[in-house]
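Colleague: My structure is below; once you've seen it, I'll send some questions.
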Amino acid sequence: MIRVDKYWENPNLLQVNREKPRAYYIPYADAASADSRKRSRSPFYRTLNGTWKFRYFASVKLAEEGFYEEQADVSGWDDLLVPSCWQTKGYDQLHYTNVNYPIPCDPPFVPDENPAGLYVKEFNVSKGWEAKDKYIVFEGVNSCFYLWVNGAFVGYSQGSRVPAEFNVSTHLKSGKNRIAVMVLKWCDGTYLEDQDLWRFSGIFRDVYLLARDKAHVRDIYNKQELSDDYRQAKLICELETTGRREVKAELKDAEGSVIGAAAAVIDGQGTIEFEVAEPTLWNAEKPYLYRLYVSSGEEVLSFPVGFRQIRIEGGVFRINGRAVKLKGVNRHDSHPELGQTIPINHMIKDLNLMKQHNVNTIRTSHYPNDPRFLDLCNEYGFYVVDEADLECHGMGSAGKWAEGAFHKLSANTEWEAAFVERAKRMVERDKNHPCVVMWSMGNESGYDVNHIAMAEWTRGRDTSRPVHYEGAAPRYNGNPNIECLDMESQMYASVQYIEEYAKDETKLQPLFLCEYSHAMGNGPGDLKDYWDVIYKYPKLMGGCVWEWCDHGIKTETKDGTPYFAYGGDFGDKPNDGNFCIDGLVTPDRVPHKGLLELKKVIAPVRLEAADLENGKVLLTNLYDFIGLSHLALFWKVEKDGETVQQGHVWQLDAAPHGGTQTLSLPYTLPKDAAGRYFLTLSVWQKEETPWSAAGHEITFEQFELPAANPAAVQDHAAAHGSSDHAVQASQDGHLLTIEGFDFRHVFDLYDGTFVKISKHDVDMLAAPAKWSIWRAPTDNDRRIKARWSEDGYDRATMKVYRCEWTQQPDGSVEIAVDYSLGGYIRYPLMHGKTQWRVDAAGSVSVSTNVKVREDLLFLPRFGLQLTMPEGTEEVEYFGHGPHESYIDKRQSVKKSKYLLSVNDMFENYIMPQENGSRYGTEWAIVSNEQGMGLKFTAPAEFSFNAAHYTPEDLTAAEHDYELKPRKETIVHLDYKMSGVGSNSCGPELLEQYRLDEKAFSFELNITPVFKEDE
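All the letters of the sequence shown, read from the start, carry residue numbers 242 to 1255 under my numbering.
Written out as structure tokens, the structure is:
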């Protein structure tokens, strides 16, 4: 075993020889190089990224003594790319767990079988660096590490996601050098890093050397003051040097013009100040950045300066005096192949997508991100909730909550230094970033004296930003002292709760939903309900949806089929299954439809009807700081799904922060024309931006216009011709055959349903029609699916009590069925009476009256399921589209006529589940590509779906690769489908979105058609 002091189980020893934390920067030789932000353009920077020699040991006791010596032979070791997570390179165990610790909960102790990774790299140091002090910086190492240079021990550090910097001046030499690092998978810090994520290890962020002048600027804190009218700004640069040095500073605006220059001789501590008249303020909508250049000796340091003020006044969160709503997401560092090693272009891809979907806030859940990510946020314009690398959620699982187990570490003063250091290292690194508008003291770690110490230190160091910590919420019953926090924060509070909070005059702090509307699987379905309330009350700051991305690991099956893996797929224990697949985008950043919902709900422009008969529409500007000159509006009028008029408004001028503008649109409506008319408005960008192309849609709205015959589309869809040919009905045993001029249908009188519907001898059914109440549980059904199954929803079959047929005087055939639906063990779920009717044209109408057992939980759905034959691939419908929609997830769809394939209807989720329903359908045709199929209409809108999978197929599969599409097409025609909500982690589905009626009726028409002939 390697002979080292056992620092990894001592919560009072967090580092050895590590430099004090400082602001993030790279020293350059000139301002032009600094502006490039390409580190390699600095002569004082030397990357150590690249291939290292590596050896993995399942236990530190097996680690080779002397591996760090200059002459140690490591030529036979593996090659490993740094930065990387060693689990993504085939070492150790890929492991996902959410709340529970992956080790026995025995703080500060960790298992003796503590995996270790040994790293060795040889590199050259320039002769030109001989007169310089030399430092090595590790941006991120999980979880702790020992460092040797040229055989000499240098130091130790823990705290995975903030930099560790060491002065190695006395250890390095010109020419060839050797660095050796031992990384341990676990240390006492592991108890503070129990975030909901894959547990990765290794040197996962950049490593580099810096050469510094002997006397140099070590740290800088750029503070600012703004006058009450925001017309005067002061920049106060607090400087720390390592010796006596003349320091020059120059402030430039975004156009490169010099705003001010100053100099001072500083020996240890000093300040330089700038006065700026009429400053252009920074905000997320217009992220205007000044640039500060600090020169000393041969070095130039560059810092972004965004003048902005963050205050909480009267319980309202304000930026630059304006009440701002935080329209945010929670973002983990997550890459489907690289784990927590995040390339810069991957960061940019995330930010582009967020901008395109109207997100303005990012909570760095649950640790500081790569410092370059904050540079990008400064420039793109995002409000950042910067969160300390602190979560000890597993303490609540290890002990009894009621006995305070959740707060155990936060209340233990032996851990105070470890807690406080995590705030300190974050704040010192990120204090100069204008995008950071709030400090967070971690996540789900209880709340007691150690958190109070963190918050008090943070407020003492930085008075310009509020401090947040959700763990102090009243429901956790922690330490009642919350004076150190500036807001109340909640996770997954219900819509009812946040409205009650807003109305409660005793609540003096703003409310921040640091996590809400859990975006797992098919969801979230409650976004509009939250934002209707958030917009209504100034005390509600907004919040961050959980979460941005699915954390799937890209892998493949034994036969080479690619898929995204989740917890348990690698034999990892304990694991939380697919609870890491809970994002608005897939692991490879394809937006889920839930992201489109969010985009629409939080859009910065609102469109409302004013006087639609006369073309009047009211536009409201919900941007806080900018007008709408960068946007234009396109409008179109559709009749029965076809565009008949269109135009645009090029000049939008509503003032920011609630300004309105009435638009007069020059469309005309024929007073004597039949049909359904819809006005669709689309607000889009006039010009290209760094994050989107010209023409990018910011938001849309749709209104139905008054027309002479609003039922025209319904009437047109229901039209199917007529025939004077007599209907022939004949019974042979339990089969009733009903024939007409060009159709032949067969009804099974024993089973109470149609088994054949045909036109011109083309069969339209491949299996008997049946009533259906089951849907493949969504992730948001995870808390109620057991109750559904307990009552037999998933195994419900039909019992026929009575089935009789008659031929009516008009020639039609009517069939009456009394039935129930139920599963084994339980009483029937419901009883119903169905009336089927076949008319002379072959159209089948069905009406059913249903009574549901009073004690039952709400139903997933109720409707008719049809199985149509192979080749039925074309779907045409009039309703919401083009993508899936549900009663509580339909803000991002538009009503029109759509022509899709069955595959187009499918929404793929990593964990298969209910998907692809179209809420509010008025008519639909499912056919082969030649138009031979079935047309569905109803007196009222219905939910509709067509897929190559049954609900049972989707229920049984645990990964998308397990789904085997059927050749047949499964059609669902639902009276109603319950909403999707966000109950996987959020509150229960709102009552208004549940199919909870105990008695209801449903009518439907089914017509065999050759639509290309009609």
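From the three backbone atoms N, C-alpha and C, an ideal C-beta is built for every residue, glycine too.
These numbers come from a predicted model, not from an experiment.
Can you list, in chain order, the stretches of the beta strand (DSSP E) that have 3 or more residues and sit fully within the segment 296 to 356?
Modeller: As far as the segment 296 to 356 is concerned, its whole beta strand (DSSP E) runs of at least 3 residues are 319 to 323.
Colleague: Between S543 and K489, how many whole angstroms is the CB-CB distance? I'm expecting something under 8 angstroms.
Modeller: Along the sequence shown, one-based indexing puts residue 543 at 302. Along the sequence shown, one-based indexing puts residue 489 at 248. 13 angstroms between Cβ atoms; not a contact.
Colleague: Identify whether E1253 lies in helix, strand or coil by the three-state DSSP scheme.
Modeller: Stepping through the sequence shown from its first residue, residue 1253 is reached at position 1012. Helix.
Colleague: What do you reckon, are the CB atoms on M761 and N1021 nearer than 8 angstroms?
Modeller: Locating residue 761 in the sequence shown gives position 520, where the first residue counts as 1. Locating residue 1021 in the sequence shown gives position 780, where the first residue counts as 1. In this structure, N1021 lies closer than 8 angstroms to M761 by Cβ.
Colleague: Please determine if the segment 510 to 520 and the segment 465 to 474 are in contact, where contact requires at least 3 C-beta pairs separated by less than 8 angstroms.
Modeller: Output reads yes: the segment 465 to 474 touches the segment 510 to 520.
Colleague: Apart from the five residues just before and just after W523, which ones in its own chain have a Cβ nearer than 7 angstroms to its Cβ?
Modeller: As a position in the sequence shown, residue 523 is number 282, starting the count at 1. Y529, L530, G547, F548, R549 and P675, listed in sequence order.
Colleague: What's the call for T747, buried or exposed, on a 16-neighbour Cβ count within 10 Å?
Modeller: As a first step, residue 747 must be located in the sequence shown, where it is residue number 506. So T747 ends up on the exposed side.
Colleague: Report the residue from G1104, N1169, L1070 and S1158 whose alpha carbon sits nearest the alpha carbon of V1116.
Modeller: For the purposes of this step, residue 1116 is taken as residue 875 along the sequence shown, with counting starting at 1. Comparing Cα-Cα distances from V1116 to each of G1104, N1169, L1070 and S1158, the minimum goes to N1169.
Colleague: Apart from the five residues on each side of it in sequence, which residues of its chain come closer than 6 angstroms, Cβ to Cβ, to L1098?
Modeller: Here residue 1098 corresponds to residue number 857 of the sequence shown, with the count starting at 1. Correct list, in chain order: R1028.
Colleague: With L768 as the anchor, note down where its alpha helix (DSSP H) starts and where it stops.
Modeller: By 1-based counting over the sequence shown, the position of residue 768 is 527. Run containing L768: L768 to K777, per the alpha helix (DSSP H) assignment.
Colleague: Going by beta carbon distance, what residues of the same chain come within less than 6 angstroms of A393, once the five residues before and after it are set aside?
Modeller: Here residue 393 corresponds to residue number 152 of the sequence shown, with the count starting at 1. Excluding positions up to five away in sequence, the list reads H412.
Colleague: Just to confirm the assignment: which complete beta strand (DSSP E) runs, minimum length 3, are found wholly within the segment 1005 to 1041?
Modeller: With a minimum length of 3 residues, the continuous beta strand (DSSP E) runs that stay inside the segment 1005 to 1041 are 1008 to 1013.
Colleague: With DSSP as the reference, please indicate the residues paired to G511 in a beta bridge.
Modeller: On the sequence shown, residue 511 is found 270 positions in, with the first residue counted as 1. DSSP output for G511 lists L480 as bridge partner(s).
Colleague: Assuming V709 contacts V842 (C-beta within less than 8 angstroms), just tell me the rounded distance between them.
Modeller: Working through the sequence shown from its first residue, we reach residue 709 at position 468. Working through the sequence shown from its first residue, we reach residue 842 at position 601. Going by the sequence as given, residue 709 is His instead of Val. The Cβ separation is near 23 angstroms, so there is no contact.
Colleague: Skipping 5 residues on each side, what residues in its chain have a beta carbon closer than 7 angstroms to that of K330?
Modeller: Taking the first residue of the sequence shown as position 1, residue 330 is located at position 89. Hits under 7 angstroms: L321.
Colleague: Quick check on P252: buried or exposed, where buried means 16 or more other Cβ atoms within 10 Å of its Cβ?
Modeller: Translated into positions along the sequence shown, residue 252 becomes position 11. The residue is buried, with at least 16 neighbouring Cβ atoms inside 10 Å.
Colleague: State the start and end residues of the unbroken beta strand (DSSP E) segment that holds F660.
Modeller: Against the sequence shown, residue 660 aligns to sequence position 419. Counting along the chain, F660 falls outside any beta strand (DSSP E), though it belongs to the alpha helix (DSSP H) covering E657 to D671.
Colleague: Tell me P832's beta-bridge partners as DSSP assigns them.
Modeller: Translated into the one-based positions of the sequence shown, residue 832 becomes position 591. DSSP output for P832 lists V826 as bridge partner(s).
Colleague: Tell me the residue span of the alpha helix (DSSP H) that contains C385.
Modeller: On the sequence shown, position 144 is the one that residue 385 refers to. Looking at the DSSP string, C385 is not in any alpha helix (DSSP H); the run it does join, the beta strand (DSSP E), is C385 to V390.
Colleague: From H898, Q737 and M595, pick the residue whose C-alpha is nearest to that of V565; which is it?
Modeller: Here residue 565 refers to the residue found at position 324 when the sequence shown is read from its first residue. Per the Cα distances, H898.
Colleague: Identify, in the order they occur along the chain, each residue of the same chain with its Cβ nearer than 7 angstroms to the Cβ of V409, setting aside the five sequence neighbours on each side.
Modeller: Sequence index remark: in the sequence shown, residue 409 carries index 168 (1-based). K375, Y376, I377, V390 and V395.
Colleague: What are the residues that DSSP puts in a beta bridge with V499?
Modeller: As a first step, residue 499 is located in the sequence shown; it is residue number 258 there, counting from the start. Note: V499 sits in a beta bridge opposite K493.
Colleague: For Y248, I'd like the list of residues in its chain whose CB is within less than 6 angstroms of its CB, leaving aside the five on either flank, ordered along the chain.
Modeller: On the sequence shown, position 7 is the one that residue 248 refers to. The answer, listed in chain order, is L254 and Y397.
Colleague: In whole angstroms, what separates the C-alpha of V1221 from that of L1141?
Modeller: Within the sequence shown, residue 1221 is the residue found at index 980, counting from 1. Within the sequence shown, residue 1141 is the residue found at index 900, counting from 1. Each residue's alpha carbon lies about 23 angstroms from the other.
Colleague: Within 10 angstroms of the Cβ of G888, are there 16 or more other Cβ atoms? Answer buried if so, exposed if not.
Modeller: Indexing the sequence shown from 1 puts residue 888 at position 647. It is exposed - the Cβ of G888 has fewer than 16 other Cβ atoms within 10 Å.
Colleague: Between which two residues does the alpha helix (DSSP H) containing A694 stretch?
Modeller: Within the sequence shown, residue 694 is the residue found at index 453, counting from 1. Where A694 is concerned, the enclosing alpha helix (DSSP H) stretches over V690 to R702.
Colleague: Opposite Q1154 in the DSSP bridges: which residues?
Modeller: Your numbering for residue 1154 matches position 913 in the sequence shown. Its beta-bridge partners do not exist; DSSP assigns none.
Colleague: Which parts of the segment 1174 to 1232 are runs of the beta strand (DSSP E), unbroken and 3 residues or longer, counting only runs that do not cross its ends?
Modeller: Runs of the beta strand (DSSP E) inside the segment 1174 to 1232: 1210 to 1218.
Colleague: Thinking C-alpha only, which one of I998, R670, F295 and D1194 is nearest D318?
Modeller: Translated into the one-based positions of the sequence shown, residue 318 becomes position 77. Residue 318 is actually Trp in this sequence, not Asp. Answer by Cα proximity: F295.
Colleague: Taking all protein chains shown into account, do 16 or more other C-beta atoms lie within 10 angstroms of the C-beta of P1018, making it buried, or fewer, making it exposed?
Modeller: As a working note, residue 1018 is residue 777 in the sequence shown. Looking at its Cβ environment, which holds 16 or more other Cβ atoms inside 10 Å, P1018 is buried.
Colleague: Count the other CB atoms within 10 Å of the CB of K1130; is the residue buried (16 or more) or exposed (fewer)?
Modeller: The residue given as residue 1130 occupies position 889 in the sequence shown. Per the 10 Å Cβ criterion, buried.
Colleague: Should L749 be labelled buried (16 or more other beta-carbon atoms within 10 Å of its own) or exposed?
Modeller: Numbered from its first residue, the sequence shown carries residue 749 at position 508. Exposed, by the Cβ-count rule.
Colleague: Look up E1114 in the DSSP assignment and give the residues it is bridged to.
Modeller: The residue given as residue 1114 occupies position 873 in the sequence shown. Looking at the DSSP assignment, E1114 forms no beta bridge with any residue, so it has no partner.
Colleague: Buried or exposed: where does S963 fall if 16 or more other Cβ atoms within 10 Å of its Cβ makes it buried?
Modeller: Mapped onto the sequence shown, residue 963 falls at position 722. Note that S963 scores 48 on pLDDT, short of 50, meaning its location in the model is unreliable and no value can be drawn from it.
Colleague: Could you check what DSSP says for Q737 in three-state terms: helix, strand or coil?
Modeller: On the sequence shown, position 496 is the one that residue 737 refers to. Here Q737 sits in helix by DSSP.
Colleague: Helix, strand or coil: which one does DSSP assign to N586?
Modeller: By 1-based counting over the sequence shown, the position of residue 586 is 345. If DSSP states are grouped into helix, strand and coil, N586 belongs with the helices.
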